[in-house]
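In the UniProt record's numbering, the protein residues as written are 1 to 884.
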Amino acid sequence: MATVCDLCHQRPATTRVTRVVGNRRTTESLCDVCSSQRSRFGRMGLGTSLFDQFFSDFGGEDLGGLSQAIQQPVERYDITEAFSDETRRVLEGAFEAARNAGAASIDTEHLLVALAKDPLGRTALARMKLDPARVAERAESEMRRGKRPMERPELSPHAKRALELAYQEAYELGHSYVGPEHVLLGLLQEGEGLASEILREQGAQHGKARAAVAEALAPSSESRRSPTPTLDEYCRDLTRMASEGKLDPVVGRANEIETTLEILSRRTKNNPVLIGEPGVGKTAIVEGIAQRIISAAVPDTLRDKRVLQLDLSGLLAGSKYRGEFEERLKKVMDEVKAHSEEIVLFIDEIHTIVGAGAAEGAMDAGNMLKPSLARGELHVIGATTLDEYRKRIEKDAALERRFQPVVVPEPTAEQAIEILRGLKDRYESHHRVRIADDALVAAVELSDRYVTGRFLPDKAIDLVDQAAARVRLRLTLPPERLVNAEHEVVKVKRALDEARDRKAKPRIQELESKLRDAEREVQSAQKERRTQKSSETPEVRAEDVAEVLSRMTGIPVTQMTEDERKKLLELESRLHERVIGQDEAIRVLSQSIRRARAGLKDEARPIGSFLFLGPTGVGKTELAKTLAELLFGDEKALIRFDMSEYMEKHTVSRLVGAPPGYVGYEEGGQLTEAVRRRPYCVLLFDEVEKAHPDVFHMLLQVLDDGRLTDSQGTVVNFKNTVIICTSNLGSHLIQESTARKEPQERMRERVMGVLKGHFPPEFLNRIDETVVFEPLNRAQLRAIVELMLEKTRRLLHGQGIDLEMTPAALEALVDKGWDPTFGARPLRREIQRAIEAPLAESLISGSIRENSRVRADFKDGKFRFEEAQAPESEEAQAEPSAVH
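Following this line, the structure appears as structure tokens:
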């Protein structure tokens with residue numbers, strides 16, 4: 001016997017349990033608590049889908065492969081336990097019908113066929129004034145069939161939804177079981193499956209059918225006046241919602257639930273407060289406790305308790321007069337005290353009770369609750385974040401000592417995937433889609449990597465929910481064939497009306513024939529759409545999750561779903577398309593980016609950090625822009641800071657925000673806010689040598705730890721940024737070394753000597769690569785001229801004008817625009833002066849016409865332009881006219 005439990009790894013093992021899943025047998029040593037949990041989850045196992053487990057009983061073998069097995073304990077109420085023997089018989093019939101038909105899934109039509117063949121189902125159909133034989137015949141005719149019988153058909157999202165609605169119908173009618181008549185009501189209410197369509201075709205209506213069932217089956221319990229009317233008005237009954245099956249399953253929070261139950265069972269200080277970041281599952285833990293109470297898996301002291309969630313905003317709403325809020329809260333407290341043996345009060349965002357309802361001379365909600373909490377008259381579970389607990393609760397020592405903290409950590413990525421698998425059924429039935437397991441894994445991995453400032457599992461659940469909604473919405477949109485056919489009908493009708501007004505008989509006959517054809521096409525497209533909707537269940541894949549995430553973060557979807565290897569291997573060639581020369585700089589930059597993307601770097605550090613050195617106008621900023629577009633899909637992903645604006649000591653605080661008490665404290669920092677809003681970017685610190693020395697001290701933790709705390713205490717993550725600092729320090733040495741043709745190593749040594757004299761050594765030591773940009777030679781300048789002229793050509797092309805440059809004109813631009821001191825920037829000015837300005841004058845004066853070709857030449861020390869009409873023009877053969 002192992003000394004420690006194999007499941008919780010904390011308590012001593014007392015029991016050996018053998019499990020068989022498929023053909024695999026596993027033996028585990030469990031403690032008393034985990035053993036009781038394992039037995040409580042019983043035939044459900046540790047968390048495969050409820051319906052998959054239920055239908056596995058009919059298959060004669062384990063069907064756990066239908067949905068990925070969940071390795072964490074799941075808190076949920078098993079609605080299949082409420083199925084009557086007759087309902088189980090109907091479901092077994094549906095299982096056999098789907099398997100024999102070769103269907104991949106058990107859908108609503110299979111349930112309807114089984115109901116129409118069951119004695120109780122036939123009786124229920126007869127009460128609705130429907131013919132069971134006709135219903136069965138219609139359902140069998142619509143049933144999808146495969147080539148051969150299926151061994152393991154799954155339950156479709158439509159069928160899952162129908163069974164959940166059947167359970168709710170039984171609960172609302174006051175029945176303690178789910179019978180075939182409730183399944184029939186669920187099929188009718190589901191509204192989108194084939195069964196619902198068939199029943200409505202036969203004349204069934206949900207309201208009348210429900211009334212017939214209610215009349216035939218007397219409710220098992222009569223309604224009575226509630227003994228807690230105030231609590232019913234201002235609280236949500238979580239235990240009741242659990243018994244109705246309205247709460248989501250809770251996965252992987254067994255330890256926190258156990259700790260909370262232990263605190264609730266204490267004699268004193270039995271008020272737990274759940275402390276954790278937003279979205280980690282604090283409320284879900286309380287819902288898990290409610291589901292445990294319904295399942296009778298709690299200590300005797302907590303059995304038959306009601307967990308009520310207090311709506312504090314509801315208490316405050318409409319309390320116009322002084323003392324009205326206090327009166328409402330007093331009524332709530334009195335009812336809780338009167339039923340203290342059966343009520344646990346849950347206050348979400350419990351920090352809001354401090355100061356709630358307070359007016360001059362009045363007590364707030366926190367002070368009103370203190371005496372009752374101290375005397376043990378109230379059983380309260382609170383939930384709040386660590387920051388709010390520290391600000392509101394801890395400051396009030398008298399209130400703080402009434403609560404026992406329970407820290408709720410953020411789940412790991414593996415645990416979050418398990419949680420999503422536990423919730424999959426609910427989202428499938430709600431959206432009527434299938435959710436592939438790779439979509440769940442992608443939601444966790446992508447949200448963990450790209451969504452900062454939020455926490456798992458909440459951010460991953462949001463991704464799956466929105467992706468499922470998007471897939472479902474896409475299915476409801478009309479197909480292109482139907483849209484085109486409907487447009488054609490409208491177009492032909494308009495032409496037909498015009499022909500009738502003109503009494504053009506031959507044209508009328510032609511258009512009437514066209515209209516009949518177009519209407520037949522519409523009918524065919526509509527039929528095809530109906531068949532497609534009924535035969536295909538849409539599936540949410542990883543690509544759909546990535547697409548939703550790209551809309552949230554602004555990162556193009558291709559950046560996440562395409563194979564990045566090819567893009568990274570071609571990084572040099574892509575950079576060279578826009579940055580001329582600088583082979584060494586591009587090579588070093590590309591290698592560093594590839595190394596980071598391959599995972600061979602510290603995960604906490606930025607993707608890369610670089611110091612670009614060189615004279616002005618050699619391509620340092622252009623390389624940063626190009627890198628931003630290639631890595632993040634948009635030049636706007638480049639966030640630029642001109643460090644000449646941060647030369648004074650008092651300006652440094654602008655990067656992270658003003659300290660408390662200073663003007664601008666609420667606005668946040670320019671650097672931290674920019675990265676928080678767009679965490680996937682290239683940060684460019686231009687002319688960094690001009691910044692105040694305190695800036696370098698601030699950047700140390702960004703370069704080393706990939707994080708920076710702003711003035712409001714928010715930690716901003718820099719791990720998905722590329723940091724580029726540019727400097728002109730040592731540029732005169734680079735130019736001298738290039739002129740003397742000194743070796744690269746010698747030039748680098750001289751430049752590094754200058755850097756060490758200006759920058760702190762700890763700053764230089766944290767830079768991944770120091771990249772030296774060489775001055776441009778004549779051949780490179782000519783290529784840059786061609787690149788710049790391409791932009792001018794694109795602008796002219798929009799007006800139908802083609803620009804042609806002669807070799808002489810290109811050489812003249814290089815000669816006039818080349819300045820070793822200023823690099824390539826004068827070329828842009830020379831193109832504007834010598835090419836764009838004369839062309840603009842000619843366009844405005846009309847001497848250059850549309851659809852013409854302009855040839856730029858350099859003769860006699862001047863740029864000259866000759867215009868010729870495009871060949872398709874009538875004046876194509878005219879003599880070229882000179883434009884000076």
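Backbone N, C-alpha and C define an ideal beta-carbon position, used for all residues, glycine too.
Which word fits S513, buried or exposed, when buried means at least 16 other C-beta atoms lie within 10 angstroms of its C-beta?
As a working mapping, residue 513 is identified with position 513 in the sequence shown. Classification of S513: exposed, given that the 10 Å Cβ count is below 16.
Inter-residue spacing [alpha-carbon to alpha-carbon] between K208 and K527:
Position 208 of the sequence shown, counting from 1, holds the residue named residue 208. Position 527 of the sequence shown, counting from 1, holds the residue named residue 527. Roughly 30 Å between the two C-alpha positions.
Who are the near neighbours of A467 in its chain, counting only those whose CB is closer than 7 Å to its CB and skipping five residues on each side?
Start at 1 with the first residue of the sequence shown, and residue 467 comes out as number 467. Hits under 7 Å: A439, V540, D544, V545, V548.
What does the Cβ neighbour count give for L163, buried or exposed, with the cut at 16 atoms within 10 Å?
Locating residue 163 in the sequence shown gives position 163, where the first residue counts as 1. By the 10 Å Cβ count, L163 comes out buried.
Reference Q509; option with closest CA among V492, E521, Q523, R520:
Working through the sequence shown from its first residue, we reach residue 509 at position 509. That would be V492, whose Cα lies nearest to the Cα of Q509.
Classify P229 as buried or exposed, calling it buried when 16 or more other Cβ atoms lie within 10 Å of its own Cβ.
Locating residue 229 in the sequence shown gives position 229, where the first residue counts as 1. The residue is exposed, with fewer than 16 neighbouring Cβ atoms inside 10 Å.
Could you check how far apart the C-beta atoms of L699 and F763 are, in whole angstroms? I think they sit under 8 Å.
As a position in the sequence shown, residue 699 is number 699, starting the count at 1. As a position in the sequence shown, residue 763 is number 763, starting the count at 1. Confirmed, Cβ separation roughly 7 Å.
Considering only DSSP beta bridges, list what C681 is partnered with.
For the purposes of this step, residue 681 is taken as residue 681 along the sequence shown, with counting starting at 1. Paired residue(s): T721.
Could you tell me which of E414, F455, G453 sits nearest to residue 908, measuring between CA atoms?
The question about residue 908 has no answer here: the residues shown for the chain are numbered 1 through 884.
Count the C-beta pairs between the region 600-612 and the region 744-753 that are closer than 8 Å, then say yes if the count reaches three, no if not.
Fewer than three pairs of CB atoms, one per stretch, sit closer than 8 Å, so the region 600-612 makes no contact with the region 744-753.
6 Å CB neighbourhood of Y171 in its chain, flanking five on each side removed
Within the sequence shown, the letter at position 171 stands for residue 171. E244, listed in sequence order.
Any idea what DSSP makes of G453, helix, strand or coil?
Mapped onto the sequence shown, residue 453 falls at position 453. Note: G453 maps to coil in three-state DSSP.
Exposure label - S573; buried when at least 16 CB within 10 Å:
Stepping through the sequence shown from its first residue, residue 573 is reached at position 573. Exposed, since its Cβ has fewer than 16 Cβ neighbours within 10 Å.
Which same chain residues end up closer than 8 Å to R331 when comparing Cβ atoms and leaving out the 5 residues on each side of it in sequence?
The residue labelled residue 331 in the question sits at position 331 within the sequence shown. Residue identity check: residue 331 is Lys in the sequence provided, not Arg. Correct list, in chain order: T230.
Would G357 be called buried (16 or more neighbouring beta carbons within 10 Å of its own) or exposed?
Position 357 of the sequence shown holds residue 357. Legend: pLDDT at G357 = 48, less than 50; position of this residue unreliable, no value from coordinates given.
Answer yes or no: do K269 and G276 have a C-beta to C-beta separation smaller than 8 Å?
Against the sequence shown, residue 269 aligns to sequence position 269. Against the sequence shown, residue 276 aligns to sequence position 276. Cβ atoms of K269 and G276: not closer than 8 Å.
Using only CA atoms, which one of G366, H431, V433, A436 lies nearest to F403?
As a working mapping, residue 403 is identified with position 403 in the sequence shown. That would be G366, whose Cα lies nearest to the Cα of F403.
Spatial neighbours of L373 in its chain, beta-carbon cut-off 7 Å, leaving aside the 5 residues before and after:
Taking the sequence shown and counting its residues from 1, the one referred to as residue 373 is at position 373. Here the set comprises N271, V380, R402.
Return helix, strand or coil for F403, following the three-state DSSP convention.
Stepping through the sequence shown from its first residue, residue 403 is reached at position 403. Residue state, collapsed to three classes: coil.
To which residues of the same chain is A499 closer than 8 Å at the C-beta, ignoring the five residues directly before and after it?
In the sequence shown, counting from the first residue as 1, residue 499 sits at position 499. Here the set comprises R507, I508, L511.
Where V280 and G121 are concerned, what is the direct C-alpha to C-alpha distance, given to the nearest angstrom?
If you number the sequence shown from 1, residue 280 lands on position 280. If you number the sequence shown from 1, residue 121 lands on position 121. Roughly 44 Å between the two C-alpha positions.
In whole angstroms, give me the CA-to-CA distance for Q202 and A214.
One-based indexing of the sequence shown puts residue 202 at position 202. One-based indexing of the sequence shown puts residue 214 at position 214. Answer to the nearest angstrom: the Cα atoms are 21 Å apart.
Closest by C-alpha distance to D686, when choosing among F718, V652, S727:
Counting from 1 along the sequence shown, the entry for residue 686 is found at position 686. The residue with the shortest Cα to Cα distance from D686 is S727.
If I follow the unbroken beta strand (DSSP E) through P606, where does it start and stop?
As a working mapping, residue 606 is identified with position 606 in the sequence shown. It is not in any beta strand (DSSP E) - P606 carries neither H nor E in the DSSP assignment.
From this set, E137, L789, L378, which residue's C-alpha is nearest Q832's C-alpha?
Reading the sequence shown from its first residue, position 832 is the one you call residue 832. Q832 has its Cα closest to that of L789, out of E137, L789, L378.
Return the residue from the list R253, H797, G102 that minimises the CA-CA distance to R849.
Here residue 849 refers to the residue found at position 849 of the sequence shown. Per the Cα distances, H797.
For K859, report the span of its beta strand (DSSP E) as first-last.
As a first step, residue 859 is located in the sequence shown; it is residue number 859 there, counting from the start. 852-859 is the extent of the beta strand (DSSP E) around K859.
Which residue spans inside the region 201-281 form an unbroken alpha helix (DSSP H) run of at least 4?
DSSP runs (the alpha helix (DSSP H)) wholly in the region 201-281: 206-216, 229-234, 238-243, 254-264.
As assigned by DSSP and simplified to three states, the class of F632:
Numbered from 1 along the sequence shown, position 632 holds the residue referred to as residue 632. The answer is helix: DSSP assigns F632 an H, G or I state.
Based on the DSSP output, what are the partners of R864 in its beta bridges?
The residue you call residue 864 lines up with position 864 of the sequence shown. Per DSSP, D857.
Range covered by the beta strand (DSSP E) that runs through F346:
On the sequence shown, position 346 is the one that residue 346 refers to. Taken as a continuous stretch (DSSP letters only), the beta strand (DSSP E) holding F346 covers 343-348.
For A809, I'd like the list of residues in its chain whose CB is within less than 7 Å of its CB, leaving aside the five on either flank, ordered along the chain.
On the sequence shown, residue 809 is found 809 positions in, with the first residue counted as 1. Cβ neighbours of A809 beyond the five flanking positions: A856, D857, F858, F863.
Unbroken stretches of the alpha helix (DSSP H), 4 residues or longer, contained in the region 370-441
Runs of the alpha helix (DSSP H) inside the region 370-441: 397-400, 413-431.
Could you give the distance in angstroms between the alpha-carbon of T476 and the alpha-carbon of S313?
Start at 1 with the first residue of the sequence shown, and residue 476 comes out as number 476. Start at 1 with the first residue of the sequence shown, and residue 313 comes out as number 313. So the alpha carbons of these two residues sit roughly 38 Å apart.
So with Cβ pairs under 8 Å, would you call T239 a contact of chain C?
Note that chain C does not occur in the displayed structure, where there is just one protein chain.
If I follow the unbroken beta strand (DSSP E) through L803, where does it start and stop?
Position 803 of the sequence shown holds residue 803. L803 -> beta strand (DSSP E) spans 801-805.
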